[in-house]
Amino acid sequence: MEDVEEELEKLRIEVERCRRCSLHRERTKPVLGEGPAPSKIVLVGEAPGYWEDQQGKPFVGAAGKFLNELLASAGLKRSQVYITNVVKCRPPKNRDPKPEEEEACAPYLERQLSLLKPRLICTLGSHATARILSFFGLKPQPITRVHGKTFRTQSLLGEVFVVPLFHPASALYKPPMRSLQLEDWKTVGRLLAEIKGFPEEILNFQNRSLLCRRAPGHG
Ligand code: SF4
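Sequential numbering from 875 applies to the sequence shown in this note's numbering.
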């Protein structure tokens, strides 16, 4: 485990010095990612936003708060998942990352995945979904068609399940997206129980947390 943490630390230093694409010019802090290492569950978002760029951490703004809620609906807590993005530096004015920026940054994401060795990858939004499906040799598909579905993949990483999900920020602009996203994350919760090899501590916490949420008097 120490080796993984050491390797991720080396990667963090590389990313801090990286000038492979023009996004390095306006970044305050690059955001490599955060979470346990190795990690059975990895979430991949699109790009750091304003607060992430300020703090050097993923999903710390309003979208991050909603992400915590979504994780809870799957019976998970944030400290049980590793969170990263397709590009590690904030695009100016939060615009979408350009294809050449995603391409330049892809080797970092690929190295992270090979170090973290996830069994489940949840992609957050269309950019992350297209990137991860292609990474596993699958045809990219619109997020509106594949959200909440499970893709079972085989690669050098072994068997990995991929679940495309909407980006949590989409619920901030379109409130009806909120219930749709909560439903999709419940699917993630059910899937965890079906995938072999998840550590007991994740499953036990999940069972307890979902029981609490169902019990009368608990939100
Ligand atoms: S976005 Fe990625 S490739 Fe571009 S400068 Fe930042 S770390 Fe380097």
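Where is the CB? At the ideal position from N, CA and C, for every residue including glycine.
Inspect the beta-carbon positions of Pro971 and Val960 and report whether they are closer than 8 Å.
Taking the first residue of the sequence shown as 1, we reach residue 971 at position 97. Taking the first residue of the sequence shown as 1, we reach residue 960 at position 86. Yes, Cβ-Cβ distance for Pro971 and Val960 is below 8 Å.
To which residues does DSSP link Cys892 through a beta bridge?
Taking the sequence shown and counting its residues from 1, the one referred to as residue 892 is at position 18. In DSSP, Cys892 forms no bridge with anything.
Buried or exposed for Gly1091, please, with buried defined as at least 16 other CB atoms from any protein chain shown within 10 angstroms of its CB.
Your numbering for residue 1091 matches position 217 in the sequence shown. Note that Gly1091 scores 44 on pLDDT, short of 50, meaning its location in the model is unreliable; the coordinates nonetheless yield the value given after this. So Gly1091 counts as exposed.
Thinking just about the alpha-carbon of each residue, which of Ala978, Arg964 and Val916 is nearest to the one in Cys895?
The residue given as residue 895 occupies position 21 in the sequence shown. Cys895 has its Cα closest to that of Ala978, out of Ala978, Arg964 and Val916.
Is Phe1035 helix, strand or coil by DSSP?
Taking the first residue of the sequence shown as position 1, residue 1035 is located at position 161. Phe1035: strand per DSSP, three-state reduction.
Does Phe1025 come out as helix, strand or coil in the three-state DSSP assignment?
Counted from its first residue, the sequence shown places residue 1025 at position 151. Phe1025 falls in the strand class under three-state DSSP.
Using three-state DSSP, classify Ile995 as helix, strand or coil.
Taking the sequence shown and counting its residues from 1, the one referred to as residue 995 is at position 121. Strand.
DSSP three-state label for Leu950, please.
By 1-based counting over the sequence shown, the position of residue 950 is 76. Three-state result, Leu950: coil.
Using 8 Å as the threshold, is the C-beta distance between Arg901 and Arg964 below it?
As a working mapping, residue 901 is identified with position 27 in the sequence shown. As a working mapping, residue 964 is identified with position 90 in the sequence shown. Yes, the Cβ-Cβ distance between Arg901 and Arg964 is below 8 Å.
Straight-line CA distance for Ser988 to Ser953?
Here residue 988 refers to the residue found at position 114 when the sequence shown is read from its first residue. Here residue 953 refers to the residue found at position 79 when the sequence shown is read from its first residue. Rounded to whole angstroms, Ser988 to Ser953 spans 20 Å at the Cα level.
Using the beta-carbon count (16 or more within 10 Å), is Arg993 buried or exposed?
If you number the sequence shown from 1, residue 993 lands on position 119. So Arg993 ends up on the buried side.
Please find out if some non-hydrogen atom of ligand 1 comes closer than 7 Å to the beta-carbon of Pro904.
As a first step, residue 904 is located in the sequence shown; it is residue number 30 there, counting from the start. Indeed, a heavy atom of ligand 1 lies less than 7 Å from the Cβ.
Ala978: beta carbon under 7 Å from a heavy atom of ligand 1?
For the purposes of this step, residue 978 is identified with residue 104 of the sequence shown, where counting begins at 1. Checking every heavy atom of ligand 1 against the Cβ of Ala978, one is found closer than 7 Å.
Please report the straight-line C-alpha distance between Arg1064 and Glu975, rounded to a whole angstrom.
Against the sequence shown, residue 1064 aligns to sequence position 190. Against the sequence shown, residue 975 aligns to sequence position 101. Their backbone Cα atoms lie some 35 Å apart in a straight line.
Let me know the secondary structure DSSP gives Ile1069 once reduced to three states.
Position 195 of the sequence shown, counted from the start, is the residue given in the question as residue 1069. Here Ile1069 sits in coil by DSSP.
With a CB to CB cut of under 8 Å and the five nearest residues on each side skipped, what residues in its chain are close to Phe1040?
Here residue 1040 is taken as the residue at index 166 of the sequence shown, counted from 1. Counting only Cβ-Cβ distances below 8 Å, and skipping sequence neighbours, we find Leu998, Gly999, Ile1017, His1021, Met1051, Leu1054, Gln1055 and Asp1058.
So, for Val955: in the same chain, excluding its five sequence neighbours on each side, which residues have a beta-carbon less than 6 Å away from its beta-carbon?
On the sequence shown, position 81 is the one that residue 955 refers to. Same-chain partners within the cutoff: Gly909, Ile915 and Leu917.
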